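Residue numbers (the working numbering), protein chains in the order written: chain E, 326 to 787; chain S, 326 to 787; chain H, 326 to 787.
Beta carbons: idealized from backbone N, C-alpha and C, even for Gly.
Here the structure is a predicted model, which is why all the values come from computation and not from measurement.
The next block holds one structure in the form of structure tokens; read it before the comments.
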Amino acid sequence: MRVLTLDDDRLLPSDPGTRTVAREIYGAVRALPIVSMHGHVDAALLAHNQPFPDPAQLLVVPDHYVTRMLVSQGESLEQLTTGDPREIWRRFCAGWHLFRGTPSRLWLEHELVDVFGVDITPSAESADLLYDELSAALRRPAFQPRALFERFEIELLATTDSPLSDLAEHLSIIESGWPGVVVPTFRPDTLVQINHPDWQANVQRLADISGIPTGTYPGYIAALEQRRHHFLGHGARATDHGVFSAETEPLDAGAASRIYQSALRGRLTPDQCDAFSAHMMFEMARMSRDDGLVMQIHPGVLRNHDPAIQQTFGSDRGFDIPVPVDFVHGLRPLLNAFGQDPKFRCIVFTIDETTYSRELAPLAGAYPSLRLGAPWWFLDSPAAMRRFREAVTETAGFYNTSGFVDDTRAFCSIPARHDVARRVDSGYLAELVVRGQLGLDEATETAIDLTVTLPRLAYAPR
Amino acid sequence: MRVLTLDDDRLLPSDPGTRTVAREIYGAVRALPIVSMHGHVDAALLAHNQPFPDPAQLLVVPDHYVTRMLVSQGESLEQLTTGDPREIWRRFCAGWHLFRGTPSRLWLEHELVDVFGVDITPSAESADLLYDELSAALRRPAFQPRALFERFEIELLATTDSPLSDLAEHLSIIESGWPGVVVPTFRPDTLVQINHPDWQANVQRLADISGIPTGTYPGYIAALEQRRHHFLGHGARATDHGVFSAETEPLDAGAASRIYQSALRGRLTPDQCDAFSAHMMFEMARMSRDDGLVMQIHPGVLRNHDPAIQQTFGSDRGFDIPVPVDFVHGLRPLLNAFGQDPKFRCIVFTIDETTYSRELAPLAGAYPSLRLGAPWWFLDSPAAMRRFREAVTETAGFYNTSGFVDDTRAFCSIPARHDVARRVDSGYLAELVVRGQLGLDEATETAIDLTVTLPRLAYAPR
Amino acid sequence: MRVLTLDDDRLLPSDPGTRTVAREIYGAVRALPIVSMHGHVDAALLAHNQPFPDPAQLLVVPDHYVTRMLVSQGESLEQLTTGDPREIWRRFCAGWHLFRGTPSRLWLEHELVDVFGVDITPSAESADLLYDELSAALRRPAFQPRALFERFEIELLATTDSPLSDLAEHLSIIESGWPGVVVPTFRPDTLVQINHPDWQANVQRLADISGIPTGTYPGYIAALEQRRHHFLGHGARATDHGVFSAETEPLDAGAASRIYQSALRGRLTPDQCDAFSAHMMFEMARMSRDDGLVMQIHPGVLRNHDPAIQQTFGSDRGFDIPVPVDFVHGLRPLLNAFGQDPKFRCIVFTIDETTYSRELAPLAGAYPSLRLGAPWWFLDSPAAMRRFREAVTETAGFYNTSGFVDDTRAFCSIPARHDVARRVDSGYLAELVVRGQLGLDEATETAIDLTVTLPRLAYAPR
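Following this line, the structure appears as structure tokens:
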């Protein structure tokens, strides 16, 4: 069996001189608290504070980065999601080499060594040993969610929540007296995408929970506004919008109302769905301008590329594939209306790297309301983060970006993900120092700003 | 207050061995004259040779790279363009950190230290001191435009001019006996974009200045040809075309004439405008083939993304945003007609980096008439220049590129911009040497070619 | 005259520490056999084993990478293809500087030094000397094709063949008793692109060679299946599809049949051609699932951009230009039908780099039947190979790629091309080691897998 260690200089630049500078910059941010403004951890985890059930449920089953890789090499998704946990773990360990060069490998190594104290590399041979070792750890109080939250030094954790949620778990965390800060994020996708199969049921539930009838378009809008205020009252900082396109063209009230009525009757053309989606993005921007919730947009993913996978296993199974996005025309109505308004803040994410230097950096380097989100999803990885800084900084600078967000369901990977970003940014800044573009003092200040100042500012209540 | 110096090795590679090689290559090009074939400095500046009024007018107000960054972080564009110069300067200095990692920072530092001898970093604290120091310098004869032109060792400066200009300033420079070479460039955008608000007035002015009636399409063409000959007579080397798309499909004479007549009557469909724009690109190529002016094309920018900014402050305010360009189909009619003709020379610029390896390098590596222009506008920056060389060289080589062009209105930034390009190219060539792909003698020769030989050749009278 | 040598460390990383690691990794793969699964060498070359006629025919005339570069700088294509061989060679040598920084330079240097023992750099001065030296070498038995094949240590060479070929040369190689393994590849482009000018003649020839009448669509399908089995019987591993778009939407049998009948009558709309092309890609995938031939797809090239060149000189003259490709929607029907089927294997190539991180890596990191082909055509070069690994690995890992393929008509460049890929991959892996992402043992194992294991596996009979 092979020893597992973490290289203390991992991800820092190869050139020794630059690495020395990077190490100094990284030293200033390594231990800063984690500001996690855009995550997908379930608040129930911290409300109930139950131990994680087993290593497979902890590290494999809920992580579509991991299962998709194993499936791409011939493993059965059914086995990986519903099989015996120890058997799942064995398959994962036997496929350890598949993760070479991927961010999953970095996160998993960091979790194994730094969170769980493991010192053996996963492999077919070591699988059972590791399973037993991790299982034992998970039974200890130090590995319960709240204990880990404190050990991770998380300053604030934002979750992602349906407008239909009463946020009972968030309330229960507050009322428990535990000092961890866990705030909800308003994600209305299934209420504004009128072709979503659950949409009609959802608008009825929206009426129920808000107490505002949603049989008319104005009622629907008022009910959404009521939910946003409910979220604000529970500490929410932001909304989050996973849309297919970046279109934001508003409809007039009559047209919006007519499409809404058609949607209620279940008679929709694809054009109506697209038009209403664009309109609701504009409306959500208008509401953000009015109530101060920061608007997060991440368009451009074709969900459930393989319908057979979706039918059998549901969504979020690794078969969501990025597509090109046109931010320039798409965001224009929204930015023309609200982009210069100091009460509005919009953060945009993409997985279409072609838009970094062509569209997003030029837009963010002009409109005061716009900030660029961190490299997201498939791009939450060292080389992609580096490409982001290289493509964006020269046009938009550092201060039109909003700092790192981890965007994960995998609670134990949060420190690893923030650490990767801190290392990559330190390396990038170190090269600017070595190439005479920045002083070391400036670079260090910038690293600190990217780590804590900018996310705090970008998501500050407005 | 913080000392301001220039690192003599700035932008050279981080690896010490590669840096040593880069330093040697750069040493061979550092002091070469500046060949500035595509700039936007006003000829009047050198005709009248008046001192620059104040530091804000010199370095902030006319530079949309600078104002857009300050606006993106909440400064008022009104204040920055019409406010008290000292107050504008203060805001610029207070926002100095926003430019970290941007080319503006490199240019401004170079100008402050190398052109004006400043040794203090801009900041809120140092703003007034710097303002007074720069104001004093600007009153000295050594900082008048012609003195700077000579100090910058500019071999040739091309300006950008309307076909409606009589080129009086260019003539006045020639007649003054001052030896600086300042040549005009023929930029007919507002005469060929028939949906431009001033188009009708402009074709009337075209008739007036050319003495050729423009009431018919043949007259319009003849008048444009007359203006090109006027420009040639005043030393022009090139034309310059800022178009939205790269389309170049010609119309037959009848169709062109019908659209022209509709344009005169002010009745146009968007399709007619697009068709006429494409047609006129083809016509301009035809004229270039006939008269030898080099044709420069830079498509793919959505101008005035925020109409409110345009309405209040006019164009060129930092709200022009790139869009994708299709060069392969767009340029095909033009290249099929003239791309193999030794009398025709076309230089193409882009801000859509996706086209470098996919479209532009393959086209330039085949058609003898085509050369690739330098990384342009937002891409006139160290990392983007490097990406250009990396994406283009392997397919098109060095000798299908046309050398660096500074593309600036900011006269004092010209040496800084050429210096950045020389440093980046030296670093790129040094890596080819260190990686055994080029001899040092070849790399040095190539660097010299990129700096002076290729721009001289690419824009040579044909 | 300038000495010509090969730097033993060429293309390895600049940083000395990283280079040391890279050298060790490269040492483990440098001498591995060549697995050449996707080439365009004519089987006749090895069947007849005739000496190469002269240096121009060996290195210049058939290599469109070389002729296009010379043409782009003003040389005449007519002269380069039909002129006196010595004169062609002189022009090539005089233009040696044009290849600086290109992969052609690397391949040519490797061939000259390593294959032919030349020690003088090509130039106008050395041209005749080199011509005579190479001519003398070509007359020696050691430089006949089979001797070179053995010296190159080629484990397997796949050629590219028309379904209309009887594969007589392949059979003759087998029957000759020579142990070299040369297998055909089934490339049906001119039989499935119904707007190809030779299509009608080709389907008639298909009937003749298969003995199955092609007057009906079912007959046409059966005849294609018969040819695939003929190829399988002669050792074929794969099919190869050069299509314009990535569309794979199938038609129902009736619609396919109707378009087929229209094609036979020569009455086709562009929409019908596109629909039939997409349909046939789906059909070819279905056949691959059934017979086990690996399906190779490389879409997205606009062939013969300059029709005048095509008319005078024919196809493959350097005027084929890449265009954007939509793999996400295009491949969806094919992947939904066969992407999870263990009997199906598909390898996708592209020259549109924007799809690496956005489309191809996410798709290959999910569908078990999909592998990513090596950087292809214009991207078969050091910086482009490096960009491929950087853009793809973090999402798809190494094991969803299929190893290097040389894709060349130029027989003597095969070792050079594989060597470049081995060096670039070693350098990339070395950086992962130095940055603490991989152990040296893992990196070395991965390098070996990329060099021989993965191509053997990816193209293994299924």
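Pull the bridge partners of residue i from the DSSP assignment, please.
i, result
"residue 620 (chain S)", "S:564 and S:671"
"residue 653 (chain H)", "Per DSSP, none; premise fails for residue 653 (chain H)."
"residue 696 (chain H)", "H:672"
"residue 486 (chain H)", "H:511"
"residue 360 (chain S)", "S:481"
"residue 410 (chain S)", "Looking at the DSSP assignment, residue 410 (chain S) forms no beta bridge with any residue, so it has no partner."
"residue 445 (chain H)", "H:328"
Could you name the residues of the same chain whose beta carbon sits closer than 8 Å to that of residue i, not counting the 5 residues immediately before and after it, in chain order?
i, result
"residue 450 (chain E)", "326"
"residue 302 (chain S)", "Given that chain S is displayed from residue 326 to residue 787, the structure contains no residue 302 (chain S) and the question cannot be resolved."
Could you round the C-beta distance between residue i and residue j to whole angstroms and report it? I think they count as a contact, below 8 Å.
i, j, result
"residue 524 (chain H)", "residue 588 (chain H)", "7 Å"
"residue 658 (chain H)", "residue 601 (chain H)", "With a Cβ gap of about 14 Å, residue 658 (chain H) and residue 601 (chain H) do not count as contacting."
"residue 350 (chain S)", "residue 637 (chain S)", "In fact, because the Cβ distance is near 47 Å, the residues do not count as touching under 8 Å."
"residue 560 (chain H)", "residue 509 (chain H)", "7 Å"
"residue 378 (chain H)", "residue 418 (chain H)", "About 18 Å separates the two Cβ atoms, so there is no contact after all."
"residue 516 (chain E)", "residue 549 (chain E)", "7 Å"
"residue 566 (chain S)", "residue 483 (chain S)", "Going by Cβ atoms, the distance from residue 566 (chain S) to residue 483 (chain S) rounds to 15 Å, so no, they are not a contact pair."
Helix, strand or coil: how does DSSP classify residue i here?
i, result
"residue 634 (chain H)", "helix"
"residue 786 (chain E)", "coil"
"residue 480 (chain S)", "strand"
"residue 331 (chain S)", "coil"
"residue 590 (chain S)", "coil"
"residue 511 (chain E)", "strand"
"residue 739 (chain E)", "helix"
"residue 534 (chain S)", "helix"
"residue 516 (chain S)", "helix"
"residue 506 (chain H)", "coil"
"residue 846 (chain H)", "This structure cannot speak to residue 846 (chain H), because chain H is shown only from 326 to 787."
"residue 726 (chain E)", "strand"
"residue 647 (chain E)", "strand"
"residue 401 (chain E)", "coil"
"residue 597 (chain E)", "helix"
"residue 382 (chain H)", "helix"
"residue 474 (chain H)", "helix"
Tell me which residues share the same chain as residue i and place their Cβ nearer than 7 Å to its Cβ, disregarding the 5 neighbours each side in the sequence.
i, result
"residue 597 (chain S)", "584 and 587"
"residue 651 (chain S)", "571"
"residue 741 (chain H)", "431, 432, 435 and 436"
"residue 655 (chain S)", "570, 571, 572 and 573"
"residue 553 (chain S)", "511, 612, 616 and 618"
Using only the heavy atoms of the ligand FMN, determine whether one of them is closer than 6 Å to the beta carbon of residue i.
i, result
"residue 704 (chain E)", "What this structure holds is no ligand at all, so the ligand FMN is not there to describe."
Here's a check: name, in chain order, each residue in its chain whose Cβ is nearer than 6 Å to the Cβ of residue i, leaving out the five neighbours to either side.
i, result
"residue 536 (chain S)", "none"
"residue 646 (chain E)", "627 and 630"
"residue 415 (chain E)", "452"
When you compare the region 422-430 of chain S with the region 361-380 of chain S, are there three or more beta-carbon pairs, one atom per stretch, that lie closer than 8 Å? Verdict: no, contact absent.
Check whether the region 690-702 of chain S touches the region 656-671 of chain S, taking contact to mean three or more Cβ pairs, one atom from each stretch, closer than 8 Å. They touch, by the three-pair rule.
Decide if the region 402-413 of chain E is in contact with the region 432-451 of chain E; the criterion is three or more beta carbon pairs, one per stretch, under 8 Å apart. Because the criterion of three Cβ pairs below 8 Å is not met, the region 402-413 of chain E and the region 432-451 of chain E do not touch.
Stretch-stretch touch, CB-based, cutoff 8 Å, three pairs: the region 701-715 of chain H with the region 672-679 of chain H: By the Cβ rule, the region 701-715 of chain H counts as touching the region 672-679 of chain H, because three or more pairs are nearer than 8 Å.
Inter-stretch contact at 8 Å, needing at least 3 Cβ pairs: the region 474-486 of chain H / the region 453-462 of chain H: Under the three-pair Cβ rule at 8 Å, the region 474-486 of chain H does not count as touching the region 453-462 of chain H.
Under 8 Å, with one C-beta from each stretch per pair, do the region 332-348 of chain S and the region 749-763 of chain S reach the 3-pair mark? Yes, they touch.
Counting pairs of beta carbons, one from the region 718-738 of chain S and one from the region 706-714 of chain H, are three or more of them closer than 8 Å? Yes, they touch.
With contact counted as at least three CB pairs below 8 Å, one residue from each stretch, are the region 773-781 of chain S and the region 356-370 of chain H in contact? Because the criterion of three Cβ pairs below 8 Å is not met, the region 773-781 of chain S and the region 356-370 of chain H do not touch.
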